[in-house]
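Below: the structure, in structure tokens.
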Amino acid sequence: MKNMFEQYGKCIGKIEFGPSKKEKQVAVVSIINYNGVILIATAAHCIYDTYKKKYNDNVKVSFGIDKFASKYEVDRVFLHKSWVEDGKLQYDTAFLLLKNFDSKKYIDYAVTPQFNMGVELDYAIIGFPIRFLSPTKLPVIYYGKGILHKKYPNVIQGISCKAKNGMSGGPWLTVSNNRVVQNSVSSFSFKKDNKILWGPYWGSEIESVLHVASGIHNELPTVVEKKYFLLSFIFCIIISAIVCIFAAPLMTIFVSAKETAVITCGVQYLRVEGSFLLRNRMPFPAKLYT
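The sequence shown begins at 56 in the numbering used here and counts up by one.
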């Protein structure tokens, strides 16, 4: 059975986030194919910090299949409301859509997600564990049998794993009807028993998040959607407004005030450029997300 999992080392990649290079963190993502829609799965804590109550900065995704050469920015993320509001660990899953992502390039490496499966299954979990102070360059696969939590048997599930750092967000793969499927992500470990790596149980609630992410439902009250164009869009509004309002004074920096015809032409040009900058960043149809 191990041979079935080895090829799926190609379905994963890395997600980077943090306010600066010094504070950059690296976790794991997987490419999933849900009803023909290619998305990215990872742990929700890689996207939203429940302690700081804020979305992580500078989120970028890359894949081992192309040697991490292309770093994709995130377009939209989908989370369960209970993760954002309450930080409940059973909802530590996020689904992502990337900007300028050529899904056809990666579709052959995508794994199918499956929900509401049984417990105590045989798993292969994949990640880039920390060795010699840095993540491994190649993915590492750990094998084990699912462990039920005594207090929360249908909420979280565990697997014995020596590695912890560098595993967050990585896929939990198992076999269903003679095919490999994903039905969790690596999430956390308890301090009292750090030999077990835990992940959320993928039931109907997590599946509902994927329904919205893949377009089956437009929206659901339990699903939070964030679109990452908002900050750059606001920045473009400010710059466009400054250019349009102060076009005439800007022209006088380069042209004598006596050259009225030249200034008039230049003002018109700057205002056209300013409005083009805004239009170029406006998605269609326009919809802002917080």
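Note that CB positions come from ideal geometry on N, CA and C, so glycine has one too.
Quiz item: Within the chosen definition, does the region 259-272 reach the region 114-124 through at least 3 CB pairs nearer than 8 Å?
Solution: With the cut-off at 8 Å, the region 259-272 and the region 114-124 do not touch.
Quiz item: By Cβ distance below 6 Å, which residues in the same chain neighbour residue 118 in space, the five residues on each side in sequence not counted?
Solution: 68
Quiz item: Can residue 238 and residue 169 be called in contact, C-beta distance under 7 Å?
Solution: yes
Quiz item: Rounded to a whole number of angstroms, what is the C-alpha to C-alpha distance between residue 99 and residue 320?
Solution: Taking the straight line joining both Cα atoms gives about 51 Å.
Exercise. Sort 95, 241 and 184 by Cα distance to residue 131 and report the nearest one.
Key: 95
Quiz item: Just checking, does the region 69-83 make contact with the region 135-142 on the three C-beta pairs under 8 Å criterion?
Solution: no
Quiz prompt | Straight-line gap, residue 149 to residue 215 (C-alpha atoms, nearest Å) | solution = 23 Å
Quiz prompt | Three-state class that DSSP yields for residue 179 in the structure shown | solution = Secondary structure of residue 179 (DSSP, three-state): strand.
Self-check item: Burial state of residue 193, where buried means 16 or more other Cβ atoms lie within 10 Å
Solution: exposed
Quiz prompt | Local conformation of residue 265 per DSSP, three classes | solution = helix
Quiz item: Among 224, 263 and 219, which residue has its Cα nearest to the Cα of residue 246?
Solution: A check of alpha carbon separations from residue 246 across 224, 263 and 219 identifies 219 as the nearest.
Exercise. Quick one: which unbroken alpha helix (DSSP H) runs of 4-plus residues sit fully inside the region 213-249? Chain order, please.
Key: none
Quiz item: Roughly how many whole angstroms lie between the Cα atoms of residue 143 and residue 109?
Solution: 15 Å
Practice problem: Give the range of the beta strand (DSSP E) segment to which residue 116 is assigned. | Solution: 115-118
Quiz item: What is the DSSP secondary structure of residue 138, reduced to helix, strand or coil?
Solution: helix
Quiz item: residue 198 lies in the beta strand (DSSP E); which residues open and close that run?
Solution: Under the DSSP assignment, residue 198 falls in the beta strand (DSSP E) whose first and last residues are 195-200.
Quiz item: To which residues does DSSP link residue 149 through a beta bridge?
Solution: 97 and 134
Exercise. Under 8 Å by Cβ, that's how I've got residue 226 and residue 66 pegged, so tell me the actual separation to the nearest angstrom.
Key: 7 Å
Practice problem: Can you check DSSP and say which residues form a bridge with residue 167? | Solution: Note: residue 167 is bridge-paired with 236 in the DSSP secondary-structure output.
Self-check item: Selection from 112, 104 and 151 that minimises the alpha carbon distance to residue 75
Solution: 112
Practice problem: Verify whether the separation of the beta carbon atoms of residue 230 and residue 201 is less than 7 Å. | Solution: no
Exercise. Look at residue 252 and residue 263 and say whether their C-beta atoms are less than 7 Å apart.
Key: no
Exercise. Check whether the Cβ atoms of residue 242 and residue 254 sit closer than 7 Å, and answer yes or no.
Key: yes
Quiz item: Should residue 283 go down as buried or exposed, given a rule of 16 or more other Cβ atoms within 10 Å for buried?
Solution: That one is buried.
Quiz prompt | Separation of residue 155 from residue 197, as counted between CA atoms | solution = 32 Å
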